[in-house]
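What follows is a short report on a single structure.
There are 2 protein chains.
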Amino acid sequence: MTGNSTMTLNRTHDAARKSFVATANEQDCDFPLQNLPLGVFQGERSGHARCGIRIGDQILDLPVADEAGLLGRLPEAARQALRAPSLMDFVALGSRVASELRAVVFDLLVSDQPEPSKVGGCLVAAGDVEMLLPLQPRNFTDFLTSRFHKLRLSANGAIDPNFRSLPLAYHSRASSVRVSGTEVRRPHVQRADKDGVDFGPSREVDFELELGAFIGSGNPLGQPIPVGRAAEQVFGYCLLNDWSIRDIQRWESLPLGPFLAKSLMTSISPWIVSREALLPFRTSVLPKPADEAPLLPYLVSSEDQSSGSIDLRFEVWLRSARERSVGGKGTRITITNFKHMSWTFAQMIAHHASNGCNLLSGDLLGSGTISGPDADSRACMAEITERGEVPVSLGSGEERRWLEDGDEVTFTARASKEGFASIGFGECSGVVAPAVPWPLA
Amino acid sequence: MTGNSTMTLNRTHDAARKSFVATANEQDCDFPLQNLPLGVFQGERSGHARCGIRIGDQILDLPVADEAGLLGRLPEAARQALRAPSLMDFVALGSRVASELRAVVFDLLVSDQPEPSKVGGCLVAAGDVEMLLPLQPRNFTDFLTSRFHKLRLSANGAIDPNFRSLPLAYHSRASSVRVSGTEVRRPHVQRADKDGVDFGPSREVDFELELGAFIGSGNPLGQPIPVGRAAEQVFGYCLLNDWSIRDIQRWESLPLGPFLAKSLMTSISPWIVSREALLPFRTSVLPKPADEAPLLPYLVSSEDQSSGSIDLRFEVWLRSARERSVGGKGTRITITNFKHMSWTFAQMIAHHASNGCNLLSGDLLGSGTISGPDADSRACMAEITERGEVPVSLGSGEERRWLEDGDEVTFTARASKEGFASIGFGECSGVVAPAVPWPLA
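Protein chains in written order, with my numbering: chain G, 1 to 441; chain D, 1001 to 1441.
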């Protein structure tokens, strides 16, 4: 394991520093000099898939920068990993090496750097390339850590006892994780109602707003991760849409949990925002899963309790086919914050590995739906429309109980704090496509 | 997709043919000429991991056989795949190519082949090598398809309605799949009883006897697999021990299903028995999941209904540390048969992909616990001991309610039928190791 538990604020967090890439310095830019997220892109000029770092409206092409001799301060293993067509090899090096890369690239892109034209030759316009999946995770585990989400969707209106003492989770489907922009096809599903059981295109397609975390170096089978060293296992974060099919979820989930309700597809944003970039926005965990009872020691470290959560604001936008056809911007249907979650990623990781389960480099963890206490902060349609009972109105005058074909769902997130540059995630979006014809050819 | 829905009996099923490897012709051998399972082995002489085919007490070293010019009848892609240190590349070629390889190797190993000494030079003694995981599956899905298992462990003594209309399943953990012989460490788990919630070494370590199936070529995301073409997606089978931790399973499973109860480790046997080798043992599906109601059309094909199950007999042996120390053979605690399962692998695959979920080459499916109607055919400790209430007696005079440290669990399976050579699987075994010290270093 790569140790990095003492990651602290440093010059890469200094809001006074600007980039020579002018767009990075604009007030509402997601990608200032203090962010520097990693991704994988492919463009006509660049040819095959390659690793890059986002700055303003530009991408630093990392293999090209290395060829130009700009990454020489990095260990050879890191430079080699960055020449791969996926971030998997680099993520496996852990968050300490990611921090080294971030420092090197900060110095390359800062406004007073001596050779801006040399670095500028390694930049490509983000608008000219296609973003790919940063890596194909080998395992995807999805948690349920918002007590507000749990309460609103609970059958009996109460929090189950196990939610108070552990971060609930299930293994989800790794093979169908796709990058933002991929359309999600309405699935045929089996469902039951008073008239019996049938099979057809789902009538209850939903989204779930989540924060994803990528595992860095991982742990060997049989060797749990102490909670005090679990945070350092987070390589970085992404936006995650855990598309959810409510009609089959209701029917299939007892006793083995959600299966086809989730495996159709999961969307993630293309940029991995590092743990380091979000350090200024750490906050204490609120609300506790159980105020009345102490947590078991294997889930408690003092550092995590005081700063294991993140003050990170999310929005969800819904845009119908009609709105898209006239260039409308759609309707904001959710404003919420990660600080409403009851469990931290350190606790999720420590619990996940507590039985000796091995987490692999690049494994993806989903936080669970980021719902908060207010009506505005409900983060899936099942909550917003009270399971389809109360339609939500769009700006176009249309109404929605569930997602319809042609609807586009877009997530954004931004961490902001007085005295620091704001850190954004870009977008995670997807359009619902019509079901395939059935029976199959 | 590689089409092979019309796989039929051929000369490789002819019981009259014998091998020049004498041990393959013995009555009780798992690996006659008509079996020819694939695996990956490593030995002092052979060096790195390599693909092989089992015959009697020998292994045909496939890269060596290819170098000797013995595999020239195969397509170049197949020969190249067999030079890899894992079967992943070969499995991706699908079951039609596996059938070609089987025919070629049958002719190499048959007793009247013209150059037995040349082929003999490519054999290594199975006893001299270590068997490795045939491939590391990228996804592992575990089903629940025995109504007898479901009934015995049901809270209310009844079959849930959804079991009658779909093969129940959950995503399980792919990273912790290990080969037979790997010890399984007793995990620390969270559990609850009348005194509250605590965390410590599990008191309820269990096994589950299952049949595993490896996916061959797979399907693209968004393209379901018709049930009539689902059987051909099975590349081959293995024994599978779905180690299960009942105390945390009871506590964690609502509402998201089993998680840490299963992810600690899953053991599989090293030899992949091809679908073709088991063709003579196909049988109709009994008992139906629901006699009273027809199945939905997406789960029904006439061929699958008449021959989608397998007459395959299983045994489970339990051997305590005391028995092992004196060379005892242990106690047979289960005799059961795959024909007791209510759903076929074709149905499991068609259901799995019905929402468009993409199955990848080498993905592992578990059948669920293979419990039958009789007391002898209960296929996990929770059933055998009625959840720890009624201890089972071992031949040594010891008793067990759950597995104890040092206990070894071994599965075997054999398909037998008048007029055909018996097909065996070898063994899938594992010893329970003591929990790690806690708190962690």
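Heads up, the beta-carbon is just placed ideally off N, CA and C, and yes, glycines get one too. On a predicted model such as this, the values are computed, not experimentally measured, just so you know.
CB contact check: residue i to chain G, cutoff 7 angstroms
| i | result |
| --- | --- |
| Ser1175/D | yes |
| Trp1243/D | no |
| Phe1345/D | no |
| Thr1002/D | Unreliable placement is indicated for Thr1002/D, whose pLDDT of 37 sits below 50; no coordinate value is reported for it. |
| Leu1260/D | yes |
| Thr1012/D | no |
Cutoff 8 angstroms; reference residue i; Cβ partners in own chain excluding five residues on either side
| i | result |
| --- | --- |
| Thr283/G | Ser307, Ser309, Ile310, Asp311 and Lys339 |
| Leu1123/D | Val1021, Ile1055, Gln1058, Ile1059, Leu1060 and Asp1061 |
| Leu151/G | Gly157, Ala158 and Ile159 |
| Leu360/G | Arg138, Asn139, Ile215 and Gly218 |
| Ala1015/D | Gln1034, Gly1419, Phe1420 and Ala1421 |
| Lys1118/D | Ala1068 and Leu1070 |
Local conformation of residue i per DSSP, three classes
| i | result |
| --- | --- |
| Gly3/G | With a pLDDT of 39 at Gly3/G, under the threshold of 50, the modelled position of that residue is not reliable, and no figure is offered here. |
| Asp142/G | strand |
| Val316/G | strand |
| Lys1417/D | strand |
| Asp193/G | strand |
| Ala155/G | coil |
| Thr1385/D | coil |
| Pro1439/D | coil |
| Phe235/G | strand |
| Gly212/G | strand |
| Met131/G | strand |
| Gly368/G | coil |
Closer than 9 angstroms at the beta carbon, the chain G residues around residue i
| i | result |
| --- | --- |
| Met1341/D | None at all; the shortest Cβ gap to chain G is about 16 angstroms. |
Nearest residue (CA-CA) to residue i, options the options
| i | options | result |
| --- | --- | --- |
| Leu240/G | Thr331/G, Gln233/G, Ser301/G and Ser172/G | Ser172/G |
| Gly236/G | Pro37/G, Thr8/G, Met7/G and Val436/G | Pro37/G |
| Gly372/G | Val409/G, Pro437/G and Arg147/G | Arg147/G |
| Leu1365/D | Gly1328/D, Ser1416/D, Val1177/D and Gln1042/D | Val1177/D |
| Ala1382/D | Ser1393/D, Leu1403/D, Leu1394/D and Asp1374/D | Leu1403/D |
| Thr1480/D | Glu1044/D, Ile1333/D, Ala1169/D and Asp1242/D | Outside the displayed range of chain D (1001 to 1441) lies residue 1480/D, so it cannot be described from this structure. |
| Ser342/G | Leu296/G, Thr385/G and Pro167/G | Pro167/G |
| Glu458/G | Arg83/G, Asn358/G, Ser180/G and Asp142/G | The structure shown does not extend to residue 458/G, since chain G is modelled only from 1 through 441, so no value can be given for it. |
| Phe222/G | Leu71/G, Thr23/G, Asn10/G and Ser354/G | Checking the sequence shown, residue 222/G turns out to be Gly, not Phe. Comparing Cα-Cα distances from Gly222/G to each of Leu71/G, Thr23/G, Asn10/G and Ser354/G, the minimum goes to Ser354/G. |
| Ser429/G | Val97/G, Lys18/G and Glu208/G | Glu208/G |
| Leu70/G | Glu44/G, Ala92/G, Val97/G and Pro116/G | Pro116/G |
| His1149/D | Ser1416/D, Cys1357/D, Thr1336/D and Leu1279/D | Thr1336/D |
| Met1348/D | Leu1144/D, Gln1042/D and Val1189/D | Leu1144/D |
| Phe1041/D | Asp1066/D, Gly1127/D and Pro1032/D | Gly1127/D |
| Thr410/G | Gly121/G, Ser175/G and Asp206/G | Asp206/G |
Min CB distance residue i to chain D below 7 angstroms
| i | result |
| --- | --- |
| Pro294/G | no |
| Leu209/G | no |
| Val197/G | yes |
| Cys357/G | yes |
| Gly212/G | no |
| Ser429/G | no |
| Arg185/G | yes |
| His149/G | no |
| Pro226/G | yes |
| Gly362/G | no |
| His171/G | yes |
| Leu221/G | yes |
Same chain only: Cβ atoms within 6 angstroms of residue i, ignoring 5 sequence neighbours per side
| i | result |
| --- | --- |
| Gly1424/D | Asp1030 and Arg1414 |
| Gly3/G | With a pLDDT of 39 at Gly3/G, under the threshold of 50, the predicted position of this residue should be treated as unreliable, though the coordinate-derived value follows. Result list for Gly3/G: empty, nothing under 6 angstroms. |
| Gly330/G | Trp317, Leu318, Arg319 and Glu323 |
| Ser301/G | Val227 and Gly228 |
Contact list for residue i against chain G, beta-carbon separation under 7 angstroms
| i | result |
| --- | --- |
| Gln1190/D | Ser165, Leu166 and Leu296 |
| Leu1264/D | Asn355, Gly356 and Cys357 |
| Leu1440/D | Pro224 and Pro226 |
Listed by chain order, chain D residues near residue i by CB distance under 8 angstroms
| i | result |
| --- | --- |
| Glu252/G | Asn1162, Leu1166 and Leu1168 |
9 angstroms Cβ cut-off: residues of chain D touching residue i
| i | result |
| --- | --- |
| Val85/G | Val is not the amino acid found at residue 85/G; the sequence shown has Pro there. Neighbours of Pro85/G on chain D: none; closest Cβ ~18 angstroms, over 9 angstroms. |
| Leu144/G | Pro1255 and Leu1256 |
Under 7 angstroms from the C-beta of residue i: neighbouring residues of chain D
| i | result |
| --- | --- |
| Ser240/G | As written in the sequence, residue 240/G is Leu, which differs from the Ser given in the question. Near Leu240/G there are no residues of chain D at all, since even the closest Cβ is about 16 angstroms away, more than 7 angstroms. |
Residues that residue i contacts on chain G, provided the C-beta gap is smaller than 8 angstroms
| i | result |
| --- | --- |
| Arg1138/D | Arg138, Ala174 and Ser175 |
| Leu1132/D | Chain G residues near Leu1132/D: none, gap ~15 angstroms exceeds 8 angstroms. |
Interface flag, residue i vs chain A, CB-CB below 7 angstroms
| i | result |
| --- | --- |
| Phe235/G | In the displayed structure, chain A is absent; the protein chains listed are G and D. |
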